[in-house]
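Working notes, structure below.
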Amino acid sequence: MDEHLLLSLTSWPDPDPQITSLSSLIPRIQSERGPFKNVTEDSLNEEIAAAEKLPDHDATHEDDQTPLPATADDQPNPRETLALRKQELIKLIEHAQFDAMSALDFVSLLLSSVRPTHAEASMSRHLRDSISSGTLGSDSIRKKDSTQSEKADSETISKGWRSESLVQSASSLFNAASRLTQESEREQMYWEDVLDVKREGWAICRVPREPQSLGVRFGFSEAGADEKYRGLGVLRKGTDGAITMQDLLGHGTLARGSVRVRVSRDGQLTGTSEPFEDVIHTSGITSMIQNSRNYAYEHELFLEIAREARTLANLGFRNVDEAVTFELGTNSTVIIDMMSNADIPAAETTSDQDNELAQGLSTALRLLLSHAHRQNLKKRRLPPSLLTQRLIANPPLNLLRPIVSHLRHKSNTDEFKTSASNLIGYAKSAGLSAHLTLENCHNCLSRDINNAEDAVDSLTGLLESKATLYLPGSWKIVVLIQTLLGPSVFGTRFAVHTSHDGSCATLLGANSFSSQAEVQRYLQWCLERSVINYIAGRITEWEQIAMSNEMTKAGQQTQYKRLRVEVENEHLAVRWTIGGGEDENHTWTGEEGALSLEALIMSI
Numbered sequence: 001m002d003e004h005l006l007l008s009l010t011s012w013p014d015p016d017p018q019i020t021s022l023s024s025l026i027p028r029i030q031s032e033r034g035p036f037k038n039v040t041e042d043s044l045n046e047e048i049a050a051a052e053k054l055p056d057h058d059a060t061h062e063d064d065q066t067p068l069p070a071t072a073d074d075q076p077n078p079r080e081t082l083a084l085r086k087q088e089l090i091k092l093i094e095h096a097q098f099d100a101m102s103a104l105d106f107v108s109l110l111l112s113s114v115r116p117t118h119a120e121a122s123m124s125r126h127l128r129d130s131i132s133s134g135t136l137g138s139d140s141i142r143k144k145d146s147t148q149s150e151k152a153d154s155e156t157i158s159k160g161w162r163s164e165s166l167v168q169s170a171s172s173l174f175n176a177a178s179r180l181t182q183e184s185e186r187e188q189m190y191w192e193d194v195l196d197v198k199r200e201g202w203a204i205c206r207v208p209r210e211p212q213s214l215g216v217r218f219g220f221s222e223a224g225a226d227e228k229y230r231g232l233g234v235l236r237k238g239t240d241g242a243i244t245m246q247d248l249l250g251h252g253t254l255a256r257g258s259v260r261v262r263v264s265r266d267g268q269l270t271g272t273s274e275p276f277e278d279v280i281h282t283s284g285i286t287s288m289i290q291n292s293r294n295y296a297y298e299h300e301l302f303l304e305i306a307r308e309a310r311t312l313a314n315l316g317f318r319n320v321d322e323a324v325t326f327e328l329g330t331n332s333t334v335i336i337d338m339m340s341n342a343d344i345p346a347a348e349t350t351s352d353q354d355n356e357l358a359q360g361l362s363t364a365l366r367l368l369l370s371h372a373h374r375q376n377l378k379k380r381r382l383p384p385s386l387l388t389q390r391l392i393a394n395p396p397l398n399l400l401r402p403i404v405s406h407l408r409h410k411s412n413t414d415e416f417k418t419s420a421s422n423l424i425g426y427a428k429s430a431g432l433s434a435h436l437t438l439e440n441c442h443n444c445l446s447r448d449i450n451n452a453e454d455a456v457d458s459l460t461g462l463l464e465s466k467a468t469l470y471l472p473g474s475w476k477i478v479v480l481i482q483t484l485l486g487p488s489v490f491g492t493r494f495a496v497h498t499s500h501d502g503s504c505a506t507l508l509g510a511n512s513f514s515s516q517a518e519v520q521r522y523l524q525w526c527l528e529r530s531v532i533n534y535i536a537g538r539i540t541e542w543e544q545i546a547m548s549n550e551m552t553k554a555g556q557q558t559q560y561k562r563l564r565v566e567v568e569n570e571h572l573a574v575r576w577t578i579g580g581g582e583d584e585n586h587t588w589t590g591e592e593g594a595l596s597l598e599a600l601i602m603s604i
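The numbering of the sequence shown is UniProt numbering, which starts it at 1 and goes up by one.
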C-alpha cells in the first residue's frame, strides 16, 4: 500500500480565485520567466517536449519538494533529519485523522436514516450544517447466478412490460386525441354562442376580477351609483359546450323578484298588479340575459322607490316591513313591495277597478324609471359642471311624485266637481240657470306630443284642470285646479277668476285657495251674490243691502220686508221677514219639481 495514498470522502476544495486570477498570474510569470518578450512559442514547445522525455521516476522526484536524505559525504545534521521526520510523521497523522473523521461522518450519515438520534451525536458540525440527516441510505444486494430459464423468463417479462407500456402509451394518445376533439367541439360551440350574443346587440366585455373570462353587460349604464356593478354576467362554458351565464349578483338566478303594487280599502286588499312573465326564446342564453336584465331593472326600481319615499315622509309616505305605503284617500292605502315570482299568492277577492288602478300604477313606475334613465343620458352628454370641493349628492329620482300628484289631483278634482255639482243642482232646483264644465288636465292633453318622451314630460310637471261655473245673474267663475308636489305649490292650489256684470266688483277678481273647504265656501258666497243679482235684475222692487246677501223691499212701515239668501253644503235657502215678524224660510236641496225662486219672491 502506497503511503502517499490519501482517501477523502469530501469534495475537493474549490481553487482560490486569487491564485488563478490574471492579476496574480502575470507577476508570477514575470518572476519565473522574466519579461514576456523572452517567452516564445518555440521555447515553450521545447520545454514541453523535454518534460515528456524525462522518466517518470525523475519527474516524480523533480516534483517532490521533500529534501532527499543526505549521503555519507554530506554528513547531515541528525537534529535536522529528526525534525524533518517529525514533520512527515505529523502530516501522516493528520491525514489519518482526516480519513478517520471522514469515514465516521460517512457511517454516521448512513446510520442517520435508521437511528437519527445516535447518528447525529457522532456527526461533525460541518456535516450537520451542510447535509440533512437521513439523506443517505443503503440496501444489501445479493447477486446470484441466473440460469438459462431465468434469463429467458427475464427477457419474456421485459418484453411483456415493454409491450404493455406501448399499449398504455397508445391508449393514452388515443384518449388524448379524443379529449382534444371534444374540447375543440366544445370551444367551437362556446364561441358560436358568444357570437350569437354579440349579434343580438349585447355588450361583450372582460370581467374585472376574472381577466381570463368573458362577460356580458345587461344592466343600464344610466342607473345610479348604487347600481354601478349590477347587470354584469360571466359567460361560462357548460359541460356539453353550451354557453351559460353566471349573474354576479344573482338577479337572474336567485332574486327573481318584481315590484308589486296593491290597493287596500278598509283593511282589505281590493286590487293587485300582475307580475311579469319570464322571457322565453329559442336561444337559452338570450332568454337568460333578458330575464336577468328585467330583474335587475325591478331591483333598481324598488331601491329608487324606497329612497324617494324617505324624502317624502312629510307627505305621508312610510317604509314599513320592506314595503312603501302611502294614503290614497279615506281608508285607502297603496302598498308597494317586492315579490318573488316563485311565491305568487293565491287569488284574492279583488275588484276590477282597483286591479286596473294597481296595474296602471305599476306600469307608470316602470315608465318613469325609463324616463329617468333617458334624462340621465342627456345629462351625460352635457358639459360637466364646475369643479368644487363640496360633494354634490344626487337627488332621488322622481318616480312617486308624479304618480301621487296625479292621484291627488284626480281626488281633488273629483271632490271639487261633486261640491260644485251640488251647488249647480241647488240652483237648478230653484228654477235658476246654472251649469258646470270641466276640462281634466287640459295643460297635459293639449300639448303636441310627438314621441313617448314628450308624453312623459307632459305628465311629470304641473297638472292643471279647468272648471267653469255659470251661475245666475250672469256670473262666470273659472277655477284652475293646479297640483304639483314641488316648489312652489307643494300640493293642490285652486286659482279662482270671477267675472259678472253686477255689483261687488271690489271683492271679486283673482283669488287663490289651498284647501277644498276654502274654495267651497267661496263658491257658496258667489252663489249667494249671484242669486241676489238675479233677484235685483228680475224684480226691481228689491234692493241689495250694502253688498251683502240680504235685500229689502220698500213699502209701508208695517209692511217692511227683508230677505236673506243662504247657501250651505246641503241646500240653498231663502229666509224672509215681514214687518219685523217671525222669520220664514224655504230651501232647495236639488230635488226636481220644487217651487221656483222667482215664484217665491213674487209671493212674498
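All C-beta atoms, glycine included, are put in the ideal place defined by N, C-alpha and C.
Here's a check: name, in chain order, each residue in its chain whose Cβ is nearer than 7 Å to the Cβ of residue i, leaving out the five neighbours to either side.
i             : result
proline 402   : Leu368, Leu459 and Thr460
threonine 181 : none
valine 259    : Glu298, Leu301, Phe302, Ile336, Met338, Ser362 and Leu365
CB-CB under 6 Å to residue i, same chain, minus the five flanking residues each way: which ones, in chain order?
i                 : result
alanine 364       : Ile403
phenylalanine 513 : Phe494 and Val519
threonine 413     : Ser465 and Ile481
glycine 590       : Gly425, Tyr426 and Ser429
threonine 437     : Thr468
glutamate 570     : none
leucine 595       : none
threonine 506     : Below a pLDDT of 50, predicted positions are generally treated as unreliable, and threonine 506, at 47, falls in that range; the measurement from the model is reported next regardless. Excluding residues within five positions, none has a Cβ falling inside 6 Å.
alanine 119       : Ser108, Leu111 and Ser112
Grouping DSSP H, G and I as helix and E and B as strand, with all else coil, what is residue i?
i                 : result
glycine 491       : strand
aspartate 99      : helix
aspartate 337     : strand
leucine 480       : strand
aspartate 247     : strand
tyrosine 534      : helix
tyrosine 297      : helix
threonine 271     : Looking at the sequence shown, residue 271 is not threonine but glycine. Strand, per DSSP.
cysteine 526      : helix
alanine 70        : Model confidence at alanine 70 stands at a pLDDT of 47, short of 50, so the residue's coordinates are unreliable; what they give is reported in the following sentence. It is coil, neither helix nor strand.
alanine 510       : strand
cysteine 205      : strand
glycine 329       : strand
phenylalanine 315 : Per the sequence presented here, residue 315 reads as leucine, with phenylalanine not at that position. Correct three-state label for leucine 315: helix.
alanine 467       : strand
valine 324        : strand
leucine 399       : coil
leucine 386       : coil
valine 519        : helix
What does DSSP give as the partner residue(s) for residue i in the beta ladder?
i              : result
histidine 126  : DSSP output for histidine 126 lists no bridge partner at all.
glycine 257    : Ser340
isoleucine 578 : Lys561
tryptophan 542 : Lys553
Please name the residue in the options whose C-alpha comes closest to that of residue i.
i              : options                           : result
glutamate 550  : Ser419, Glu566, Lys53 and Pro384  : Glu566
glycine 134    : Thr388, Met101, Thr40 and Phe106  : Phe106
glutamate 274  : Ser332, Met339 and Val320         : Met339
leucine 361    : Thr333, Pro383 and Lys417         : Thr333
arginine 318   : Asp337, Leu301 and Glu300         : Asp337
threonine 498  : Trp525, Ser158, Ile19 and Trp191  : Trp525
glycine 257    : Val39, Arg293 and Ile243          : Arg293
asparagine 355 : Leu386, Ser264 and His406         : Ser264
arginine 381   : Ser184, Trp475 and Glu222         : Glu222
valine 324     : Ile335, Phe276, Thr311 and Ile601 : Ile335
alanine 510    : Tyr522, Gln516, Arg521 and Val496 : Val496
glycine 284    : Ala242, Pro78, Lys379 and Glu322  : Ala242
Is residue i close to chain D? Criterion is C-beta to C-beta, closer than 8 Å.
i             : result
threonine 363 : The chain inventory of the structure shown lacks chain D, comprising one protein chain alone.
Measure the beta-carbon distance from residue i to residue j and round it to whole angstroms, keeping in mind my assumption that it falls under 8 Å.
i             : j                 : result
leucine 82    : serine 113        : Incorrect: roughly 48 Å between the Cβ atoms, too far for contact.
glutamate 598 : arginine 538      : 6 Å
leucine 463   : histidine 500     : With 8 Å as the limit, leucine 463 and histidine 500 do not qualify as a contact, their Cβ atoms being about 28 Å apart.
residue 609   : phenylalanine 220 : This structure does not reach residue 609, given that the chain is present from 1 up to 604, and the question cannot be answered.
glycine 233   : isoleucine 289    : 7 Å
leucine 407   : leucine 328       : 6 Å
Grab me the residues of residue i's own chain with a C-beta within less than 8 Å of its C-beta, minus the 5 sequence neighbours each way, in chain order.
i              : result
isoleucine 48  : none
aspartate 583  : Arg575, Trp576 and Thr577
serine 351     : Thr270 and Gly271
alanine 573    : Val565, Glu566, Val567, Asn585, His586, Thr587 and Trp588
methionine 101 : Ser124
glutamate 453  : His371 and Arg374
Any heavy atom of the ligand MN closer than 7 Å to the beta-carbon of residue i?
i           : result
glycine 137 : Looking at this structure, you won't find the ligand MN or any other ligand, since it has none at all.
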